[in-house]
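Undergrad:
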Amino acid sequence: MKKQNSIFLLAAITALLFACSKKQAEELKPETPTPNGPTPVTTTNVTYSNFAGALFQTKCNSCHGPNGGVKGVWALNGLASIKNDARVANSVLVTKTMPKGGSLTVSERELLQAWVDKGMPE
0 MKKQNSIFLL
10 AAITALLFAC
20 SKKQAEELKP
30 ETPTPNGPTP
40 VTTTNVTYSN
50 FAGALFQTKC
60 NSCHGPNGGV
70 KGVWALNGLA
80 SIKNDARVAN
90 SVLVTKTMPK
100 GGSLTVSERE
110 LLQAWVDKGM
120 PE
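Positions 0 to 121 (numbering that gives the first Met the number 0) are the ones given, in order, by the sequence shown.
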């Protein structure tokens, strides 16, 4: 019985580790400037709608979204779910334990930190 529990636990952990998408490892690149095109995202103009929202969708949604395996721990449900849970910024920017199975680039961390420091503007 103890061996069955160990095998089940190992299988569950393995499934959780591989449940997160490879897409999380892809770098989210802020829009680059083009003549008469969009303004590039910088630490001074970063917002949820021009950077942070897409970052969370790309890096967190596969595990914490509606079909994610760990949505019970924290569920990504738009800006309010990020603003109302201090664990999110702590896990991503301080302890760097998130995102699992992927990582953020230096540029992504800088932009996200600037967004948090500015009070998480929409």
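For glycine and all other residues, C-beta sits at the position ideal for the given N, C-alpha and C.
Between 104, 94, 98, which lies nearest to residue 75 when the distance is taken from Cα to Cα?
TA: Nearest option by C-alpha distance: 98.
Undergrad: Anyone know if the C-beta pair for residue 113 and residue 42 falls short of 7 Å?
TA: It is a contact, given that the beta carbons lie within the stated cut-off.
Undergrad: Taking the beta carbon of residue 11 as the centre, do at least 16 other beta carbons fall within 10 Å, making it buried, or is it exposed?
TA: Low local confidence applies: a pLDDT of 49 at residue 11 is under 50, so the model's placement there is unreliable, with the coordinate-based value given in what follows. So residue 11 ends up on the exposed side.
Undergrad: Can you tell which of 56, 38, 37, 100 has the C-alpha that lies nearest to the C-alpha of residue 80?
TA: It is 56.
Undergrad: From residue 70 to residue 44, what distance separates their C-alpha atoms?
TA: Roughly 30 Å separates the two Cα atoms.
Undergrad: How long is the line joining the alpha carbons of residue 89 and residue 50, rounded to whole angstroms?
TA: Taking the straight line from one Cα to the other gives about 18 Å.
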